[in-house]
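Colleague:
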Amino acid sequence: MIGPFKKIYESEFFKETDQVIRIWMQSWGYHLLRISLGIVFFWFGLLKFFPDASPAYELAVNTISTITFGTLSDSLIINALAAWEVIIGIGLITGRFMRFTLLLLFLQMPGTFLPAILFPEVVFKSIPFVPTLEGQYIFKNLILISAGIVLGGALHKVNPYYKKSKPKIGE
Numbered sequence: 012m013i014g015p016f017k018k019i020y021e022s023e024f025f026k027e028t029d030q031v032i033r034i035w036m037q038s039w040g041y042h043l044l045r046i047s048l049g050i051v052f053f054w055f056g057l058l059k060f061f062p063d064a065s066p067a068y069e070l071a072v073n074t075i076s077t078i079t080f081g082t083l084s085d086s087l088i089i090n091a092l093a094a095w096e097v098i099i100g101i102g103l104i105t106g107r108f109m110r111f112t113l114l115l116l117f118l119q120m121p122g123t124f125l126p127a128i129l130f131p132e133v134v135f136k137s138i139p140f141v142p143t144l145e146g147q148y149i150f151k152n153l154i155l156i157s158a159g160i161v162l163g164g165a166l167h168k169v170n171p172y173y174k175k176s177k178p179k180i181g182e
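The working numbering puts the sequence shown at residues 12 to 182.
Laid out in structure tokens, this is it:
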């Protein structure tokens, strides 16, 4: 560090505060990520049960209808997708059956990007750099995928119901 911040950065107060914050983040970060991701899935899934409430309703129905060649009714499509997302949300919020929950999440995610291929005129104002609101809704799924990867990668380290693990000071 250069300049006036060097003294602050090297002070004992800073080092101790930094360590306390890191320990808190290590203790709670996984759980907060899991629960917040679960809330997003639960909430967005619940909205899909109400046609006028979900901004993704029409796009989801059109995408699934296209890939199934119109063999499924719109109500079956959206209710199945809504239930799928609510189940993912409940699994993440409770922390139970995490491997199964993450499997459901990762099975769903590739389909969320299909509209970019099937309906580029709906997803982009200007291909490929200016997404519409629907496109932004789709591309935010990169964050959901990344969060799922982090949660899956931590399964062997953190199990909130069977093993309480706390990081050691200085890690």
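Backbone N, C-alpha and C fix where the C-beta goes; we use that ideal spot for every residue, glycine too.
Keep in mind the model is a prediction, meaning the values are calculated, not measured.
1) Give me whichever residues DSSP pairs with F135 in a beta bridge.
2) Cutting at 8 Å between CB atoms, please list the residues of its own chain near A94, excluding the five before and the five after it.
3) Within this structure, are the beta carbons of G163 and L113 separated by less than 9 Å?
4) Starting from K18, trace the alpha helix (DSSP H) both ways and give me its first and last residue.
5) Can we say the segment 65-72 touches the segment 21-29, given the rule of at least three CB pairs closer than 8 Å?
6) Would you kindly work out how many angstroms separate the C-alpha atoms of W54 and F108, rounded to a whole number?
7) Taking the C-alpha atoms as reference points, what is the distance between R110 and K18?
8) Relative to the C-alpha of L129, which residue among M36, L44, I149, I98 is closest?
9) D85: which of F60, I98, I99 sits nearest, CA to CA?
10) Since R110 is in the alpha helix (DSSP H), which residue starts that stretch and which ends it?
11) Is DSSP giving F52 helix, strand or coil here?
12) Roughly how many angstroms separate the alpha carbons of G14 and V133, rounded to a whole number?
13) Whose C-alpha, out of I98, G100, S76, is nearest the C-alpha of I89?
14) Would you mind listing the alpha helix (DSSP H) stretches within the segment 44-96 that are 4+ residues and don't spill past its ends, in chain order?
15) Just to confirm, are E52 and G100 a CB contact at a threshold of 9 Å?
16) Would the beta-carbon of G159 fall within 9 Å of that of F117?
Modeller: On the basis of the supplied data:
1) P142
2) G56
3) yes
4) 16-21
5) no
6) 19 Å
7) 46 Å
8) I149
9) F60
10) 109-123
11) helix
12) 51 Å
13) S76
14) 68-78
15) The residue asked about is misnamed: residue 52 is Phe in this sequence, not Glu. Yes.
16) yes
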